[in-house]
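Colleague:
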């Protein structure tokens, strides 16, 4: 039960302890780096640079992009082990690659991404993004932390330590989002302190409860203090003026939620690092791209926040953002800075982000800076095209078996009619906010049932972490299903099972199939499974290749459409209906939630 | 004798220990900051920003310079205790100051200065520079460390901790400069590790032995490793190409010695922070100022390196550099960035360098950005014009009594003629290098004596730290003295007593007077003291007001001139004649040194 206790660190003394833990991690982190690389390594790097010793690899004939002087230089790059020894001429090496006039760019960095949104494992994510030039990602494993707590975060820190991609982690700061639901775990300030002791954890992840920070909430302040001098990411859509000052003054120093120029400029002026977000859902590049060429551009970086598998496959990752930015007229050298030296500086990763002596040999080869089609990526001096990829599911064992439901069958979905007029969640197409309306639902034998003709479908959230048997029930309009049901174990932020349907039997079948799969997404009609995607890893991620995941996601969407669904991304819409921090009416396993008052509210207004 | 042992830290294991010590300091440093400021303080800052609590001070009616967006904003700045709570409007405070349309600029930072060159105490230095807008200086106490070791460095760390100016220290990395002289102390890698454990020590000071670093010298590499992830300053005049790559790859990441644009650009491209130096002697602003407006400008900062008391009094400090830069056509907003956010970023001082919530209320008021005449400085929210200045000599007690000479009188200066043709140091006016020539000195009774007619004066270096009785003797041309002698206990880098003269009796009298003063500079003729400046603090600094020091320096120069001296800054020329790392012929207490071979060389070629 400990994980469900509310945070104990209410005194400055306790907070001081977490600060200590945070600082302790600097030792561990620093020592690991220094032991691994070693004084001797630095000596050897200098020896290679001074031609006293051959390099391991020399890339000749390239045009080297220098992010410090915003210029391009014809030079060779000498690499020794995992680092760049020199940028110059005449280097001898065990191996030489002639780039034939192509450009050499520093490895790309995504400064903020919830990797779980890709629906694939960290290794599979690496297989997708490394060939596209991304060599470092800073993830906020907020989703898996809600399911598995510290164990879930560990999946990413371990992947970062041993996997092919440099994954760093920001300690998720808002787990769970509210007390109005059962999540798989709670991360206390103490847990965050423990996370900060890991050398793969750079700081504290987005402080989503920005009203709480502005209000000087003691627990939130203790979390910020635990970061010590390390970065604390923000999340403050629309926050401006005095409130913004309070948020920044409290210690939060970045934001990725700005969507208009004036807001973005104000956040920069108040000292925030501005993450320009261009992901699968939220897209701010078009609006904010002019900032990049501004003097303020040095405090801007590209981030994706969320990126779906199909988009990673067909569009790309940070390379895609650079292409979009240059197509909007941005100087490619500037676009590259926002993907390299700027995020490196923002996160104090002084060992990367530029092609310079002593830095990691994370490099990208492109023929045209404007087009930015990555032809080869070097990660720590080795071409990723020659990498032998580790097992896609490596390290995910501990994240399986996360679906723990006490399921009583279709009766769990029975909803007694406690009144006549009920509150209905109104889906707003393409948005994650909902509206609220009132309607008299269809009632049969004293029970509320779906009413397909009026698009008044039934919605249920089935608690799936602790076998509590809790089921929240409500009504939703906007899906437009004419038959069947669809269900998902991806349901922000607690990721209980959410199911919507025209028939209680199909809804029950959908829930049962998700239990059977150990997590996933399904579309069911007349008791038959029309499409499904297994997400056995924390109920959030697949162990299949991205191509297969992408295909199954398409099938799910096609199946939903075949049942009459009107929404373009029905599973995304579904996944946000359980998030009680986004207005206006939401459903958790505990019941209907009024977001404004952050409290439960009865389904019937005339109860 | 321990301090004279050579560095023991030759194994990676030992180096690891120093790394540990370095990292330990992160705890101490961080904890001090966090304890002092506290979680509650952050809560209160947010409360002030959100208008829940009055500010201590509000500066209204000002035009706030924003170094992030390179713009000026009409806004009020709300200050709570030592920090900025908000930039906005409508703040209530216990005290309000109307700036009447004047500009508010972040406090200025000098990123690299040897404070000893000002000849005054840290407190007196603070009195000079704070009203000129400097609120933070990063000192490399290389001079006092050569005299007093860790105790000497402590004088600056303590001044930084308790004094009116924010003084940070870079641990001097090259003490002593060579083994060819007796210095007052040696700083081993272990000592540097200990220094790094002090929260006032930011990193490792300039690695002057750049050939040693390029050559992968193990002791130097251990010193760099001791810094861990913290800054290591460089010093590499003219270093370019492969050698520069080796120096940077070894871990050195700044330079203040670049004097031409191509060299500066190359250093920037290799990832170095470029310190543009404009001090009392070395001046590179005119040559390098165009870099500031370049994209590379974000990696540039102004530094003074050395600043004499008269220049501080009459010209200024960083304010003077900003004036010079704008007079050369640089946008004042850019000139300000190189004095504020850039050095703050360079040294990881994220709590300053900008006017933004949560940062220190170090602020400067000017009426005109181009003119940049500082009208008021706020340090941590308090106007420095209202500061009650601490005792000028506070904390300097331990640095007195540093002159320990075993002095046998004028016979110490007797130089037997061991041959006919002697090597002569040739002073090059305005430079610190010397030439070498051969001459047949005047010999009387088998002893070499000064020969005023041929300007072949006698030069002596008297060991003054350990009463060893060692005296080095040589011949110098270029001073042009016709009578008397001049002596100084400021003699780079070991700061033994150096004396030049036309008469052995006057030379002896000058040395005796310096012993009497406990350190200083004197001009003597016919046994009479014509001018003098006592430097009782480590033999390097006065405890007098800067105005008085400046006056006495002028008198010394006038007195030297009255004796026929041809050099404009004779004491500066004198002070570099004992520095055996600057070509070509130098004199230490051990004798004549050939700088090229870094070894002793006989005075007579025909011995």
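Residue numbers (our numbering), protein chains in the order written: chain A, 1 to 607; chain B, 1001 to 1607.
Using N, Cα and C, we set each Cβ at its ideal position, and we do this for glycine too.
In this text, all values refer to a predicted model and were calculated from it rather than measured experimentally.
(1) Can the beta-carbon of residue 161/A be found closer than 7 angstroms to that of residue 200/A?
(2) Do you know how far the Cα of residue 1192/B is from the Cα of residue 1226/B?
(3) Closest Cβ-Cβ distance between residue 1025/B and chain A: below 7 angstroms?
(4) In chain order, which beta strand (DSSP E) runs of at least 3 residues are fully inside the region 33-93 of chain A?
(5) Buried or exposed: residue 416/A, going by 16 or more other Cβ atoms within 10 Å of its Cβ?
(6) I believe residue 170/A touches residue 140/A by the beta-carbon criterion, under 8 angstroms. Please report the beta-carbon distance rounded to the nearest angstrom.
(7) For the region 353-370 of chain A against the region 498-506 of chain A, do three or more pairs of beta-carbon atoms, one drawn from each stretch, fall closer than 8 angstroms, so that the two count as touching?
(8) How many Å lie between residue 1406/B and residue 1497/B at the Cα?
(9) Jot down the residue ranges of each uninterrupted alpha helix (DSSP H) in the region 473-543 of chain A, minimum 4 residues, whole runs only, in chain order.
(10) Using CA atoms only, rank isn't needed, just tell me which of 1418/B, 1084/B, 1052/B is closest to residue 1064/B.
(11) With DSSP as the reference, label residue 346/A as helix, strand or coil.
(12) Mind listing the chain A neighbours of residue 1065/B? Cutoff is C-beta to C-beta under 7 angstroms, in chain order.
(13) So residue 1336/B and residue 1321/B are in contact, right, with Cβ under 8 angstroms, and what is the actual spacing, rounded?
(14) Looking at the C-beta of residue 106/A, does it have a partner C-beta in chain B at a distance below 7 angstroms?
(15) Mind the definition here: the region 273-289 of chain A touches the region 298-307 of chain A only if three or more C-beta pairs lie below 8 angstroms; say whether that holds.
(16) Could you give the residue range of the alpha helix (DSSP H) that holds residue 190/A?
(17) Determine the direct distance from the alpha carbon of residue 392/A to that of residue 134/A, and round the result to whole angstroms.
(18) Does residue 603/A have its Cβ less than 7 angstroms from a Cβ in chain B?
(19) When you compare each of 518/A, 127/A, 72/A to residue 545/A by their alpha carbons, which one comes out closest?
(20) Using a C-beta cutoff of 7 angstroms, does residue 1275/B count as contacting chain A?
(21) Closer than 8 angstroms is the cut-off here; do at least three beta carbon pairs connect the region 283-291 of chain A with the region 69-81 of chain A?
(22) Using the C-alpha atoms, what's the distance from residue 420/A back to residue 602/A?
(23) So, with DSSP's three-state summary, where would you put residue 1297/B?
(24) Quick one, which residues of the region 245-257 of chain A are near chain B if we go by CB-CB under 7 angstroms, in chain order?
(25) Using the beta-carbon of each residue, which ones in chain A are nearer than 9 angstroms to residue 1425/B?
(26) Can you name the residues that DSSP bridges to residue 278/A?
(27) So, for residue 607/A: in the same chain, excluding its five sequence neighbours on each side, which residues have a beta-carbon less than 6 angstroms away from its beta-carbon?
(28) Quick one: residues in its chain with C-beta nearer than 7 angstroms to the C-beta of residue 1082/B, no 5 flanking neighbours on either side, listed in chain order?
(29) For the region 83-104 of chain A, which residues have a CB atom closer than 9 angstroms to at least one CB atom of chain B, in sequence order?
(30) Measuring straight from C-alpha to C-alpha, what distance separates residue 242/A and residue 582/A?
(31) At the 7 angstroms Cβ level, is residue 1068/B part of the contact set with chain A, yes or no?
(32) Can we say the region 1543-1559 of chain B touches the region 1567-1577 of chain B, given the rule of at least three CB pairs closer than 8 angstroms?
(33) Under a CB-based cut-off of 7 angstroms, is residue 1357/B close to chain A?
(34) Quick one: is residue 176/A buried, meaning 16 or more other Cβ sit within 10 Å of its Cβ, or exposed?
(35) Nearest to residue 179/A by CA position, among 78/A, 605/A, 591/A, is which residue?
(36) Could you name the residues of chain B that residue 242/A contacts, counting a contact when the two beta carbons are closer than 7 angstroms?
Modeller: Per the coordinate set shown:
(1) Indexing the first chain from 1 puts residue 161/A at position 161. Indexing the first chain from 1 puts residue 200/A at position 200. For residue 161/A and residue 200/A, yes; Cβs fall inside 7 angstroms.
(2) Position 226 of the second chain, counted from the start, is the residue given in the question as residue 1226/B. Position 192 of the second chain, counted from the start, is the residue given in the question as residue 1192/B. Spanning the alpha carbons of residue 1226/B and residue 1192/B requires a straight line of approximately 8 angstroms.
(3) On the second chain, position 25 is the one that residue 1025/B refers to. Per-residue confidence for residue 1025/B stands at a pLDDT of 35, beneath the threshold of 50, marking its modelled position as unreliable; the derived number appears in the next sentence. No, because no Cβ of chain A sits closer than 7 angstroms to the Cβ of residue 1025/B.
(4) 55-66, 71-80, 83-88
(5) Locating residue 416/A in the first chain gives position 416, where the first residue counts as 1. By the neighbour-count criterion, in which a residue is buried when 16 or more other Cβ atoms sit within 10 angstroms of its Cβ, residue 416/A is exposed.
(6) On the first chain, position 170 is the one that residue 170/A refers to. On the first chain, position 140 is the one that residue 140/A refers to. Yes, they are in contact, since the Cβ atoms of residue 170/A and residue 140/A sit about 5 angstroms apart, within 8 angstroms.
(7) no
(8) Taking the first residue of the second chain as 1, we reach residue 1406/B at position 406. Taking the first residue of the second chain as 1, we reach residue 1497/B at position 497. Taking the straight line from one Cα to the other gives about 12 angstroms.
(9) 504-517
(10) Stepping through the second chain from its first residue, residue 1064/B is reached at position 64. Comparing Cα-Cα distances from residue 1064/B to each of 1418/B, 1084/B, 1052/B, the minimum goes to 1084/B.
(11) For the purposes of this step, residue 346/A is taken as the residue at position 346 of the first chain. Helix, per DSSP.
(12) Walking along the second chain from the start, residue 1065/B turns up at place 65. Within 7 angstroms Cβ-Cβ: nothing; residue 1065/B doesn't reach chain A, min ~11 angstroms.
(13) Position 336 of the second chain, counting from 1, holds the residue named residue 1336/B. Position 321 of the second chain, counting from 1, holds the residue named residue 1321/B. Contact between residue 1336/B and residue 1321/B is absent: CB atoms are separated by about 11 angstroms, not below the 8 angstroms threshold.
(14) Reading the first chain from its first residue, position 106 is the one you call residue 106/A. False, the Cβ-Cβ gap to chain B never drops below 7 angstroms.
(15) yes
(16) The sequence position of residue 190/A within the first chain is 190, counting from 1. Where residue 190/A is concerned, the enclosing alpha helix (DSSP H) stretches over 189-196.
(17) Position 134 of the first chain, counting from 1, holds the residue named residue 134/A. Position 392 of the first chain, counting from 1, holds the residue named residue 392/A. For residue 134/A and residue 392/A, the distance between alpha carbons rounds to 18 angstroms.
(18) Locating residue 603/A in the first chain gives position 603, where the first residue counts as 1. So no, residue 603/A is outside the interface.
(19) Within the first chain, residue 545/A is the residue found at index 545, counting from 1. Considering only alpha carbons, the answer is 127/A.
(20) Working through the second chain from its first residue, we reach residue 1275/B at position 275. No - not a single Cβ of chain A is within 7 angstroms of the one on residue 1275/B.
(21) no
(22) In the first chain, residue 602/A corresponds to position 602, counting from 1. In the first chain, residue 420/A corresponds to position 420, counting from 1. Those two C-alpha atoms are separated by around 12 angstroms.
(23) Residue mapping note: residue 1297/B aligns to position 297 of the second chain, counting from 1. Residue state, collapsed to three classes: helix.
(24) Taking a C-beta cut-off of 7 angstroms against chain B, the contacting residues of the region 245-257 of chain A are 245, 246, 248, 249, 250, 251, listed in chain order.
(25) Position 425 of the second chain, counted from the first residue, corresponds to residue 1425/B. Near residue 1425/B there are no residues of chain A at all, since even the closest Cβ is about 32 angstroms away, more than 9 angstroms.
(26) The residue given as residue 278/A occupies position 278 in the first chain. Its beta-bridge partners are 283/A.
(27) On the first chain, residue 607/A is found 607 positions in, with the first residue counted as 1. Excluding positions up to five away in sequence, the list reads 418, 419.
(28) Numbered from 1 along the second chain, position 82 holds the residue referred to as residue 1082/B. Only 1360, 1361, 1380, 1381 meet the Cβ criterion.
(29) 83, 84, 85, 86, 87, 88, 89, 90, 91
(30) Here residue 242/A refers to the residue found at position 242 of the first chain. Here residue 582/A refers to the residue found at position 582 of the first chain. Near 22 angstroms, if we compare the C-alpha coordinates of residue 582/A and residue 242/A.
(31) Counted from its first residue, the second chain places residue 1068/B at position 68. Output row for residue 1068/B: interface = yes.
(32) The region 1543-1559 of chain B and the region 1567-1577 of chain B touch, with no fewer than 3 CB-CB distances between them shorter than 8 angstroms.
(33) Here residue 1357/B is taken as the residue at index 357 of the second chain, counted from 1. It does; some Cβ of chain A falls within 7 angstroms.
(34) The sequence position of residue 176/A within the first chain is 176, counting from 1. Buried.
(35) Indexing the first chain from 1 puts residue 179/A at position 179. Nearest C-alpha to residue 179/A: 591/A.
(36) The residue given as residue 242/A occupies position 242 in the first chain. Scanning chain B for C-beta atoms nearer than 7 angstroms to the C-beta of residue 242/A yields 1049, 1050, 1051, 1086, 1088, reported in chain order.
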